[in-house]
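So the structure is just underneath, and the comments pick up after that.
In full-length UniProt numbering, the protein residues as written are 1 to 547.
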């Protein structure tokens, strides 16, 4: 075919792609399991469930030579190390690593490629990654799989269904190549902040591994092992220049950051290192000036000058101690402080627990009453499910107002000539879900009885009209949020007891967990002493759900 023909460049490009793709070239896995465990522990602190899954994959691969690559999906808040773990896994296996960012993709041809009939057609990102690494069995990280969009040009999440299915991807057909390519030896790792935006069919093809936030003790260990050495290297400092004691690290974590991951913590440590770098640079300049002055007097007193210079050098090499006062000068006044005791000093306030894509958070619920016609007002940008939980809690309480001595006479409605306003502060943040049900009940009981809830207690759980407490999700993230806020007691549904096994041992030792079958159990634990009117027999009798 003459080079002037338009088809010449198209055909040549197609043939070059066919030749460049790694049809049979692959790397050999390093299957040294003790060394792999050591490498993973050295690279990352915590993340035990994730490391365990990788070691299992290595063990099976060692026993059986051919193994289809599993599709792992790390789900967790930002900054906990999901992406860096993917790179660490590739190093542990001795495989090539390639990262594909899926955030914002809204065209299926990004995954499957364009047909060759189009001008400027090219293969999709999957084959592009394989051509780049040059082997057929790399570790491919699909970053932000929950942030793909959909447009007129197709749904990229639907195009990923064949890629992420071990039973189908050994004959993956890209639109550009139009012949099958084997992806079964590729180890795909996806990352996501939340599973709610991932289509169910795509979610079904992946093995979910939850990566929750870190505790304060884990953050301190990560700071000492990884973050501080990294920031010292980036700012030209050494261990002889700066000393950050345990108390100062703890102050940075508790007073200046409140996050599930460690990104903000790393930025704060970087700010401290920059401030120390200024002082070290100034000290080095003054030391050099003193050295010059001593050099001028060297002709008069050579021995004294040399000893004096040595003394100056030794004095300048003393590590700068980072104190909490220095932190206040550099980072400003503490950004976060415990407000639980202040907020719970009046009746009608309780602490709930919420799950977000950024990790767990504590959530205050407030209620007040005024004269009116029995109307319920809800504020705080709530979703439909949470509004229904509030209506449910009020209905349950109205039916038991006499039993709990909230009304003086039988037959008088709790809301007679009374309006109730329930508010969820931080109104700029949308809130939804059933897990605030027990918190709303406690707030209303506190409001109508005039008694304050305990200031060291948070709670979560869904309620029913019959007073049952149903299980909810995100228990580990919620408990860690309560731990970060300094709370000592958490009220949980009894059917969530199994989730407590995932908590770190130090959190279990420092906190008390009250398991509730019914709302009566919650009320008994939420106040300082036995709440009047709660029959003992009702709450102690566990009920089995008929669902």
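Ideal placement from N, C-alpha and C gives every residue a C-beta, glycine not left out.
Point to revise | Best match in 483, 523, 485 and 506 for proximity to residue 493 [C-alpha to C-alpha] | key: 523
Review point. Buried or exposed: which applies to residue 192, given that a residue is buried once 16 or more other Cβ atoms fall within 10 Å of its Cβ?
Key: buried
Exercise for review: With a threshold of 16 other CB atoms inside 10 Å of the CB of residue 23, please say whether the residue is buried or exposed.
Suggested key: exposed
Point to revise | Alpha-carbon spacing of residue 197 relative to residue 158, whole angstroms | key: 13 Å
Review point. Does the count of Cβ pairs from the segment 223-243 and the segment 268-282 closer than 8 Å reach three?
Key: yes
Check your understanding: Among the residues of its own chain, which have a CB less than 6 Å from the CB of residue 36, if the five just before and after it don't count?
Key -> 58 and 92
Review point. Got a sec: does the ligand COA put a non-hydrogen atom nearer than 7 Å to the Cβ of residue 153?
Key: Inclusion of the ligand COA in the displayed structure is not the case, the ligand content being empty and no account of it being possible.
Point to revise | Among 49, 271, 118 and 319, the one whose alpha carbon lies nearest that of residue 330 | key: 271
Exercise for review: Just the C-alpha distance for residue 434 and residue 31, rounded to the nearest angstrom, thanks.
Suggested key: 46 Å
Check your understanding: In the DSSP assignment, what are the bridge partners of residue 101?
Key -> 143
Exercise for review: Look at the alpha carbon of residue 474 and the alpha carbon of residue 129, and state the distance between them as a whole number of angstroms.
Suggested key: 35 Å
Point to revise | alpha helix (DSSP H) runs wholly inside the segment 232-262, at least 4 long, in chain order | key: 246-256
Point to revise | Sub-8 Å separation of residue 26 and residue 136 beta-carbons | key: yes
Review point. Can you name the start and end residues of the beta strand (DSSP E) that residue 437 belongs to?
Key: No beta strand (DSSP E) contains residue 437, which is instead part of the alpha helix (DSSP H) from 437-449.
Point to revise | Under 8 Å between C-beta atoms of residue 190 and residue 206 | key: yes
Practice item. Report the three-state DSSP secondary structure of residue 60 (helix, strand or coil). Key: helix
Review point. CA-CA distance, residue 459 and residue 484?
Key: 15 Å
Practice item. Using the DSSP secondary-structure output, state which residues sit across from residue 73 in a beta bridge. Key: 190 and 208
Check your understanding: Of all the options 369, 352, 374 and 371, which has the alpha carbon lying nearest to the alpha carbon of residue 386?
Key -> 352
Exercise for review: Output the boundary residues of the beta strand (DSSP E) element that contains residue 421.
Suggested key: 418-423
Point to revise | Cut-off 6 Å between Cβ atoms - residues of its own chain near residue 446, not counting five sequence neighbours on either side | key: 347, 348 and 453
Exercise for review: Compare the beta carbon distance of residue 14 and residue 112 with 8 Å and say whether it is the shorter of the two.
Suggested key: no
Practice item. Look up residue 361 in the DSSP assignment and give the residues it is bridged to. Key: 354
Check your understanding: Which of the three DSSP states, helix, strand or coil, is assigned to residue 271?
Key -> helix
Point to revise | Outcome for residue 405 when other beta-carbon atoms lying within 10 angstroms are tallied against a minimum of 16 | key: exposed
Exercise for review: Measure the beta-carbon distance from residue 391 to residue 376 and round it to whole angstroms, keeping in mind my assumption that it falls under 8 Å.
Suggested key: 7 Å
Review point. In whole angstroms, what is the alpha-carbon distance linking residue 4 and residue 121?
Key: 19 Å
Practice item. Could you check which residue in 449, 284, 185 and 465 has the C-alpha nearest to that of residue 388? Key: 465
Check your understanding: From residue 10 to residue 178, what distance separates their C-alpha atoms?
Key -> 14 Å
Check your understanding: What does DSSP give as the partner residues of residue 457 in its beta bridges?
Key -> 489
**Study point:** C-alpha distance - residue 369 paired with residue 423, whole-angstrom precision
**Key:** 12 Å
Exercise for review: State the Cα-Cα distance for the pair residue 431 and residue 382, rounded to the nearest angstrom.
Suggested key: 5 Å
Exercise for review: Please say whether residue 441 and residue 519 have beta carbons closer to each other than 8 Å?
Suggested key: yes
Review point. Excluding sequence positions up to five away, which residues of its chain have a Cβ less than 7 Å from the Cβ of residue 101?
Key: 143 and 144
Review point. Can you tell which of 257, 60, 21 and 163 has its C-alpha closest to the C-alpha of residue 481?
Key: 257
Exercise for review: State buried or exposed for residue 214, treating a residue as buried only when at least 16 other CB atoms are found within 10 Å of its CB.
Suggested key: buried
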